[in-house]
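Residue numbers (this note's numbering), protein chains in the order written: chain A, 2 to 114; chain B, 4 to 116.
Just so you know, even glycine gets a beta-carbon here, dropped at the ideal spot from N, CA and C.
Every value quoted in this text rests on a predicted model; they were computed, and no experiment measured them.
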Amino acid sequence: KQEVTQIPAALSVPEGENLVLNCSFTDSAIYNLQWFRQDPGKGLTSLLLIQSSQREQTSGRLNASLDKSSGRSTLYIAASQPGDSATYLCAVIYREYGNKLVFGAGTILRVKS
Amino acid sequence: DGGITQSPKYLFRKEGQNVTLSCEQNLNHDAMYWYRQDPGQGLRLIYYSQIVNDFQKGDIAEGYSVSREKKESFPLTVTSAQKNPTAFYLCASSMQGLGQPQHFGDGTRLSIL
């Protein structure tokens, strides 16, 4: 069974710190990997999508990398702000599963002012 | 504005009762999905539909049913056979084709009375 694992489960940092969230997946045969943000009681907001042929994507203070050979992705957040506090979810579309997204359990981020 | 609308935001179910969650999209997407989210876990796929009048079971379809009579609508019924229905339910949609990004609604929280 294909899975997605996120480490750490929770993270608390002071405002202004740069931080890295980790995501690992079990098979390199993927279509793409997506990072989402979820605020409490809300739906998912897509942050970055990395296609299988890409190595990284950037949006503002966010940078996501993809290393298929090692089955890893990282989400880098620069100069963190209290407004970045949320749960961050990583999801993969494995080629074996067609269009089904397989999600990690998420990393709960708290940025302290 | 294009998007996905889920209603109601909160829903309560009595023992032995079926309840239906609504999901409507105006993105002109062919594919629609239903996910369940439990605390501390990632999203799990309940049902998905790639085209009108066709749908497939996901990983946890038992106790749920769906219909896809219109392109814009994909309602989910939580039946009395679902013994642990308390969860956050998220609907998503995407364009047709493999590896297309999914867009999410704001979710419905279902609780047992």
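Label residue i either buried or exposed according to how many other C-beta atoms from any shown protein chain fall within 10 Å of its C-beta, with 16 as the threshold for buried.
{"i": "TYR13 (chain B)", "result": "exposed"}
{"i": "GLY99 (chain A)", "result": "exposed"}
{"i": "ALA92 (chain A)", "result": "buried"}
{"i": "GLY6 (chain B)", "result": "exposed"}
{"i": "CYS56 (chain A)", "result": "Note on residue identity: the sequence assigns Arg, not Cys, to residue 56 (chain A). It is exposed - the Cβ of ARG56 (chain A) has fewer than 16 other Cβ atoms within 10 Å."}
{"i": "ARG111 (chain A)", "result": "exposed"}
{"i": "GLY100 (chain B)", "result": "exposed"}
{"i": "VAL69 (chain B)", "result": "buried"}
{"i": "GLN52 (chain A)", "result": "exposed"}
{"i": "ALA95 (chain B)", "result": "buried"}
{"i": "GLY107 (chain A)", "result": "buried"}
Between residue i and residue j, which are expected to be in contact by the criterion C-beta below 8 Å, what is the C-beta distance as a whole number of angstroms?
{"i": "LEU76 (chain A)", "j": "TYR89 (chain A)", "result": "6 Å"}
{"i": "LEU83 (chain B)", "j": "GLN20 (chain B)", "result": "In the sequence on display, residue 83 (chain B) carries Ser and not Leu. Contact flag correct, Cβ pair sits at about 6 Å."}
{"i": "ASN33 (chain A)", "j": "ARG73 (chain A)", "result": "Actually they are not in contact, since the Cβ atoms of ASN33 (chain A) and ARG73 (chain A) sit about 15 Å apart, beyond 8 Å."}
{"i": "LEU50 (chain A)", "j": "PRO104 (chain B)", "result": "5 Å"}
{"i": "LEU113 (chain B)", "j": "ARG47 (chain B)", "result": "Between ARG47 (chain B) and LEU113 (chain B) the Cβ distance is about 14 Å, and since that is not below 8 Å, they are no contact."}
{"i": "SER81 (chain A)", "j": "LEU20 (chain A)", "result": "6 Å"}
Look at the alpha carbon of residue i and the alpha carbon of residue j, and state the distance between them as a whole number of angstroms.
{"i": "PRO74 (chain B)", "j": "GLY102 (chain B)", "result": "It should be noted that the sequence gives Lys, not Pro, for residue 74 (chain B). Each residue's alpha carbon lies about 20 Å from the other."}
{"i": "GLU18 (chain A)", "j": "ALA79 (chain A)", "result": "7 Å"}
{"i": "ALA87 (chain A)", "j": "LEU45 (chain A)", "result": "11 Å"}
{"i": "ILE115 (chain B)", "j": "PRO88 (chain B)", "result": "7 Å"}
{"i": "GLY108 (chain B)", "j": "PRO15 (chain A)", "result": "31 Å"}
{"i": "GLN35 (chain A)", "j": "GLN7 (chain A)", "result": "13 Å"}
{"i": "VAL5 (chain A)", "j": "GLY105 (chain A)", "result": "5 Å"}
{"i": "SER71 (chain A)", "j": "SER54 (chain A)", "result": "15 Å"}
{"i": "ARG71 (chain B)", "j": "ARG38 (chain A)", "result": "28 Å"}
{"i": "ASN56 (chain B)", "j": "PRO11 (chain B)", "result": "24 Å"}
{"i": "ASN64 (chain A)", "j": "GLU18 (chain B)", "result": "47 Å"}
{"i": "GLY43 (chain B)", "j": "HIS106 (chain B)", "result": "21 Å"}
{"i": "THR59 (chain A)", "j": "ALA64 (chain B)", "result": "36 Å"}
{"i": "GLN85 (chain B)", "j": "TYR67 (chain B)", "result": "7 Å"}
CB-CB under 8 Å to residue i, same chain, minus the five flanking residues each way: which ones, in chain order?
{"i": "GLY61 (chain A)", "result": "none"}
{"i": "TYR51 (chain B)", "result": "ALA34, MET35, TYR36, TRP37, PHE58, GLN59, GLY61"}
{"i": "GLN3 (chain A)", "result": "PHE26, THR27, ASP28, VAL93, TYR95, GLU97, TYR98, VAL103"}
Between residue i and the rest of its own chain, which residues show a CB-CB distance below 7 Å, the 5 nearest in sequence each way excluded?
{"i": "GLY110 (chain B)", "result": "GLN9, PHE91, TYR92, LEU93"}
{"i": "ILE54 (chain B)", "result": "ASP33"}
{"i": "SER114 (chain A)", "result": "GLU16, PRO83"}
{"i": "GLN40 (chain B)", "result": "LEU46, ALA90, PHE91, LEU93"}
{"i": "ASP85 (chain A)", "result": "ILE78, LEU110, VAL112"}
{"i": "ALA30 (chain A)", "result": "TYR95, ARG96, GLU97"}
If you drop the 5 nearest sequence neighbours on each side, which residues of the same chain put their C-beta closer than 6 Å to that of residue i?
{"i": "THR3 (chain B)", "result": "The displayed coordinates of chain B run from 4 to 116. Any statement about residue 3 (chain B) would go beyond what the structure contains."}
{"i": "ASP132 (chain A)", "result": "With chain A covering only 2 through 114, there is no way to say anything about residue 132 (chain A)."}
{"i": "ASN31 (chain B)", "result": "none"}
{"i": "ASN29 (chain B)", "result": "GLY5"}
Residue ranges of each beta strand (DSSP E) run of no fewer than 3 residues wholly in the stretch 46 to 89 of chain A, ordered along the chain?
For the stretch 46 to 89 of chain A, the full-length beta strand (DSSP E) segments reaching 3 residues or more read 57 to 60, 63 to 68, 73 to 78 along the chain.
Can you list, in chain order, the stretches of the beta strand (DSSP E) that have 3 or more residues and sit fully within the stretch 36 to 74 of chain B?
Counting whole runs of 3 or more residues, the stretch 36 to 74 of chain B contains the beta strand (DSSP E) stretches 46 to 54, 57 to 60, 67 to 69.
Length at least 3, wholly inside the stretch 7 to 34 of chain A: the beta strand (DSSP E) runs in chain order:
Listed in chain order, they are 11 to 15, 20 to 26.
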